[in-house]
Amino acid sequence: HCPGIARLLQCLQTDAPTGVMAKGKRGAEQDVSKTKRGRLAQHVEHSDPVAEQCHTVAEALQSATVPPVIKEILVDVIPNALAVRRNERHGYQEQMVQTIGNTLHSVEADIQSKLSEAEKRWQQAETTAEELKREQALAEQAAKATSDLLLEKKAALAQTALKFREAKHGLTEARQAEQAGIQEVNKFAKDIEILALAMNRFEAMKNGTLEPNHAIQEAEHLMNLIEGRLELDATLCAALSNALITPILERSSFTMMVVHQFEDSLRAQIEDLQKQYKTKESSKAALATAVLTAEQVLEIAVGQQMEAAMAFTAENDAHDAKTKLVNDKKKALRDTKPLIRKCASSLAELQVELDNFHQGPLEAFEKLQCRTKEAPEKTVTAAPEGEEAELAQDAELEASKPATSA
167 HCPGIARLLQ CLQTDAPTGV MAKGKRGAEQ DVSKTKRGRL AQHVEHSDPV AEQCHTVAEA
227 LQSATVPPVI KEILVDVIPN ALAVRRNERH GYQEQMVQTI GNTLHSVEAD IQSKLSEAEK
287 RWQQAETTAE ELKREQALAE QAAKATSDLL LEKKAALAQT ALKFREAKHG LTEARQAEQA
347 GIQEVNKFAK DIEILALAMN RFEAMKNGTL EPNHAIQEAE HLMNLIEGRL ELDATLCAAL
407 SNALITPILE RSSFTMMVVH QFEDSLRAQI EDLQKQYKTK ESSKAALATA VLTAEQVLEI
467 AVGQQMEAAM AFTAENDAHD AKTKLVNDKK KALRDTKPLI RKCASSLAEL QVELDNFHQG
527 PLEAFEKLQC RTKEAPEKTV TAAPEGEEAE LAQDAELEAS KPATSA
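Using our numbering, the first residue of the sequence shown is number 167, and each one after it goes up by one.
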């Protein structure tokens with residue numbers, strides 16, 4: 167568009183009617199003193215609505231998204247096109263007026279576009295806030311449901327804990343009954359059996375190949391089995407548990423010595439009891455069965471308690487996750503409030519900018535575009551008497567000079 171506007175500007179400068187774009191012959195020869203004219207112009211400028219409207223339009227053109235040279239051209243032609251009354255404009259001037267109008271409307275469109283985008287952002291922020299409110303309500307309902315279920319899992323865990331304590335107590339009573347109800351011979355037989363079981367557990371642990379958790383559990387069972395049936399010195403007893411759960415590759419010479427010494431002691435005790443049992447074997451099956459049953463019940467209770475604990479832990483984790491989701495939705499909803507305020511503020515500012523543009527540059531342009539009648543001259547501040555006389559003399563001198571070709 168630059169060459170077209172430049173050609174229009176050239177036409178305005180060359181083909182415009184005399185009195186609109188070009189100076190008269192007398193004006194071409196000599197201007198009245200600039201200093202005197204400047205002082206008089208200062209008095210007229212502030213009271214000239216056309217000049218103020220031209221200035222308003224020129225300022226608005228600076229925000230147009232066109233190259234700087236186009237802005238400069240449009241601003242330069244305002245006095246020679248837009249400021250000219252509509253019925254006095256020639257074709258090129260009218261084209262420039264239309265170009266100025268189109269540029270102003272493009273500025274208006276840019277503001278409208280920004281306003282639309284701001285409104286979309288504000289509506290999107292409001293929509294996001296409403297969605298977060300709904301999501302928060304759903305998350306709170308889900309958290310409430312998991313909370314109720316968590317209470318059920320907690321009650322089930324407490325019930326299994328009670329059963330575990332009862333099973334453990336039952337095992338203790340069975341062992342006590344066995345100890346009190348059998349004769350000394352039967353005690354030997356029971357001790358042999360339990361120590362044999364201990365030896366079986368020990369054989370599984372001796373190689374140090376069990377998993378750490380399993381090894382700890384087996385060591386605990388082993389220590390329970392030999393308790394009261396195999397006397398160990400204090401040093402061996404204190405070191406035995408750690409020695410049994412230590413992987414074989416990590417065992418020291420002292421640890422290996424403890425394991426072997428325990429094995430020798432256990433084997434020796436079993437052999438001694440077997441020697442005594444050979445001549446005094448008696449019935450022990452019932453009491454032994456009672457003990458084994460109590461142990462099985464305890465194991466079952468332990469398994470049930472572990473399952474209940476795992477279920478409670480899983481439900482608790484689910485409840486924590488849903489509670490965290492509720493808190494996250496609350497935080498996200500709080501975070502939307504500053505964004506909504508910012509979007510609303512931006513929207514209001516752009517609306518004010520658009521209103522000011524309508525009431526300022528566009529209104530000024532429309533008045534200048536349609537201006538046809540010459541407005542009555544406003545009263546201006548009179549120039550000093552001396553300057554007015556000098557201007558009159560200059561005008562007479564200009565009139566007395568012969569006209570020359572431009």
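Glycine included, every Cβ here is placed at the ideal spot set by N, Cα and C.
Between which residues of its own chain and residue i is the CB-CB distance below 8 Å, once the five residues before and five after are set aside?
i	result
N373	I414
V463	A333, G336 and L337
L391	I360, L361, L363, A364 and R367
M389	L406 and S407
V492	Q302, A305, E306 and A309
D399	none
G526	T222 and A226
Q470	T326, K329 and F330
P278	Looking at the sequence itself, residue 278 is Gln, so the reference to Pro does not match. Cβ neighbours of Q278 beyond the five flanking positions: L520.
For residue i, does the three-state DSSP call read helix, strand or coil?
i	result
H221	helix
P573	Nothing in the structure corresponds to residue 573, since the chain is present only between 167 and 572.
D357	helix
S313	helix
R395	coil
L376	coil
D214	coil
H256	coil
S229	coil
R331	helix
A249	coil
T538	coil
K444	coil
S418	coil
When we look at the beta-carbon of residue i and count the other beta-carbons within 10 Å, is it buried (16 or more) or exposed?
i	result
F368	buried
M472	exposed
H335	exposed
I466	exposed
K488	buried
V424	buried
E357	At residue 357 the sequence reads Asp, which differs from the Glu that was named. The residue is buried, with at least 16 neighbouring Cβ atoms inside 10 Å.
F420	exposed
P504	exposed
R331	exposed
V518	exposed
Q228	exposed
P233	exposed
T269	buried
T265	buried
T412	buried
A311	exposed
A404	exposed
A275	exposed
By Cβ distance, which residues of its chain are closer than 7 Å to residue i, with the 5 residues on each side in sequence left out?
i	result
H387	R367
A295	L499, T502 and I506
A249	V216, C220 and L534
E384	R367, A370, M371 and L376
Q442	F354
L396	L361, S431, L432 and Q435
L316	E481, N482 and H485
L402	V424, Q427 and F428
G267	F531 and Q535
T538	R251, R252 and N253
Go through its chain and collect everything with a Cβ distance to residue i's Cβ below 6 Å, but skip five positions before and after it.
i	result
A247	Q259, M262 and V263
K189	With a pLDDT of 34 at K189, under the threshold of 50, the modelled position of that residue is not reliable, and the figure given next carries that caveat. The answer is none, since no qualifying residue turns up.
Are the stretch 504 to 518 and the stretch 283 to 294 touching by the rule of at least three beta carbon pairs closer than 8 Å? Three or more Cβ pairs closer than 8 Å define a contact, and the stretch 504 to 518 meets that threshold against the stretch 283 to 294.
How do the stretch 213 to 232 and the stretch 526 to 537 stand: do at least 3 beta-carbon pairs fall below 8 Å, yes or no? yes
Hey, is the stretch 486 to 501 in contact with the stretch 288 to 308, meaning 3+ C-beta pairs nearer than 8 Å? yes
For the pair the stretch 472 to 488 and the stretch 314 to 323, tell me if three or more CB-CB distances fall below 8 Å. The answer is yes - the stretch 314 to 323 touches the stretch 472 to 488, with three or more Cβ pairs under 8 Å.
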